[in-house]
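If you count by the working numbering, then the sequence shown holds residues 59 to 339, one letter each, in order.
For glycine and all other residues, C-beta sits at the position ideal for the given N, C-alpha and C.
Structure first, commentary second.
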Amino acid sequence: LLGNHAYAVLDARVLPDSGHRLVLVRDPWGKGTFTGQWVKQSELWMIHPTAEKALGYVPDEGTGCFWMSFEEMVQHLTTLHVCRVFPADHHSLSVPSEWGPGTAGGPPGEGSGWFRNPQFRLSVVQSASVVLSVVQYDHKLPGRSHRPMVAGLVVLKARRGAAPVRMWEAPEELVAAHAPPAPGREASVTVRLQGGCLYYVVPYTALEGSEGAFILRCYSPCMVELQRVAPPAVSQVRSEWVGRYAGGRRPGPAWLKNPQILMTSPYSDVDCMLLLERTPP
Numbered sequence: 059l060l061g062n063h064a065y066a067v068l069d070a071r072v073l074p075d076s077g078h079r080l081v082l083v084r085d086p087w088g089k090g091t092f093t094g095q096w097v098k099q100s101e102l103w104m105i106h107p108t109a110e111k112a113l114g115y116v117p118d119e120g121t122g123c124f125w126m127s128f129e130e131m132v133q134h135l136t137t138l139h140v141c142r143v144f145p146a147d148h149h150s151l152s153v154p155s156e157w158g159p160g161t162a163g164g165p166p167g168e169g170s171g172w173f174r175n176p177q178f179r180l181s182v183v184q185s186a187s188v189v190l191s192v193v194q195y196d197h198k199l200p201g202r203s204h205r206p207m208v209a210g211l212v213v214l215k216a217r218r219g220a221a222p223v224r225m226w227e228a229p230e231e232l233v234a235a236h237a238p239p240a241p242g243r244e245a246s247v248t249v250r251l252q253g254g255c256l257y258y259v260v261p262y263t264a265l266e267g268s269e270g271a272f273i274l275r276c277y278s279p280c281m282v283e284l285q286r287v288a289p290p291a292v293s294q295v296r297s298e299w300v301g302r303y304a305g306g307r308r309p310g311p312a313w314l315k316n317p318q319i320l321m322t323s324p325y326s327d328v329d330c331m332l333l334l335e336r337t338p339p
């Protein structure tokens, strides 16, 4: 077996007579074979004459396919990725997006900009188990120079009767599912959604400010509505407490001398988040 090389697991069988657990493996390059216990010339095929009939296939050398014992697979291979195949009647949606300047908010509970991450509003017509995944592009593809970042996603359930413009916080009681940040190009989670309820999917990176492109994918046995939430409008005002304008806390008599900022909006109802950040001197 080659180091740092991917192999495909095509089949797994248990021999009925002996109980041996075998795995059919293929080298995508289609060259060579694994010289393990169950190589084609091995005497094990003679010791267990019913094995070939039970397996139904003994690959020839040069095809890139070979049988190996389960114990050998555990010994030699370090990581196993499972490719999930959905039924043909499942609905699937893919939405391209990115963590960019102003939208790479980092993980929930850390820093001040988590709510700036891309958000997606999700609902189903009936209760169902839905698979959500955040997939990053392969940096080896032409035009893709960014390496995959450590990323995850969280699914939040809106409070009953509420339809917020976006989720500003991620309290534990609203978390319906969470895929913590992990190395690799994909992070996925399976979540049971209730029909008629509103959910928000928030992909995020482990570090605030990490920028890159991704695709949000959704697989469901029923119709799904997935909407991209518009990014928030951000306004910044710089000010300072200095001299007579450092009025202290309420209800002190000088509190009114603190800097004051007037907020107005042309809309009658506005959902907003106010953040106060101290800048270094």
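Opening and closing residue of the beta strand (DSSP E) in which Val140 lies:
Unbroken run through Val140: none, as it is neither H nor E.
Mind pulling the beta strand (DSSP E) runs of 3 or more residues that sit fully within the segment 240–291?
244–251, 257–263, 270–278, 282–286
Exposed unless 16 or more other CB atoms sit within 10 angstroms - verdict on Gly310:
exposed
Candidates Thr137, His148, Pro74: closest to Gly114 by CA position:
Pro74
Could you pull out every residue in the same chain whose Cβ sits closer than 6 Å to the Cβ of Trp125, ignoring the five residues on either side in sequence?
Leu80, Leu82, Trp96.
Output needed for Leu180: all residues of its chain with C-beta closer than 6 Å, excluding positions within five of it in sequence on either side, in chain order.
Tyr257, Val259, Leu284
What's the call for Pro229, buried or exposed, on a 16-neighbour Cβ count within 10 Å?
exposed
What residues are listed by DSSP as bridge partners for Lys215?
Tyr257
Just mark Pro238 as buried or exposed, buried being the case when its beta carbon has 16 or more other beta carbons within 10 Å.
exposed
In three-state DSSP terms, what is Trp125?
Strand, per DSSP.
Going by alpha carbons, who is nearest to Pro261 out of Thr337, Gly163, Ser76?
Gly163
Of the listed residues Ala109, His236, Val192, nearest to Ala271 (C-alpha basis):
For Ala271, the closest of Ala109, His236, Val192 by C-alpha to C-alpha distance is Val192.
Helix, strand or coil for Gln133, going by three-state DSSP, please let me know.
The answer is helix: DSSP assigns Gln133 an H, G or I state.
Given a cut-off of 9 Å, decide if Cys123 and Asp85 are closer than it, judged by their beta-carbon atoms.
yes
With a cut-off of 8 Å, do at least 3 Cβ pairs link the segment 245–257 to the segment 171–191?
yes
If you draw a straight line from the C-alpha of Met331 to the C-alpha of Trp226, how long is it?
Distance between Met331 and Trp226, taken at the CA atoms: about 7 Å.
With 16 other Cβ atoms within 10 Å as the buried cut-off, status of Phe144:
Phe144 should be labelled exposed.
Mind checking if Ala245 is an interface residue toward chain C, Cβ cutoff 9 Å exclusive?
Looking at the structure shown, chain C is missing, and only one protein chain is on hand.
Between which two residues does the alpha helix (DSSP H) carrying Asp110 extend?
Residue 110 is actually Glu in this sequence, not Asp. Residues 109–113.
Just the C-alpha distance for Thr263 and Val247, rounded to the nearest angstrom, thanks.
16 Å
In chain order, what residues of the same chain lie with their CB nearer than 8 Å to the CB of Leu302, ignoring the 5 residues before and after it?
One detail in the question is off: residue 302 reads as Arg in this sequence, not Leu. So the list reads Lys315, once near-sequence residues are dropped.
Leu314 by DSSP, collapsed to three states: which one?
helix
In three-state terms, what does DSSP make of Phe178?
strand
Leu341: which of Leu190, Ser268, Tyr195, Trp103 sits nearest, CA to CA?
This structure gives no information on residue 341, because the portion of the chain shown stretches from 59 to 339.
Check for me: the beta strand (DSSP E) holding Trp157 runs from which residue to which?
Here the beta strand (DSSP E) through Trp157 covers 149–157.
Give the single residue among Lys215, Phe173, Pro176, Pro241 whose Cα lies nearest to the Cα of Arg205.
In this structure, Pro241 is the residue among Lys215, Phe173, Pro176, Pro241 with its C-alpha nearest to the C-alpha of Arg205.
Under the DSSP definition of a beta bridge, which residues are partnered with Gln194?
Phe272
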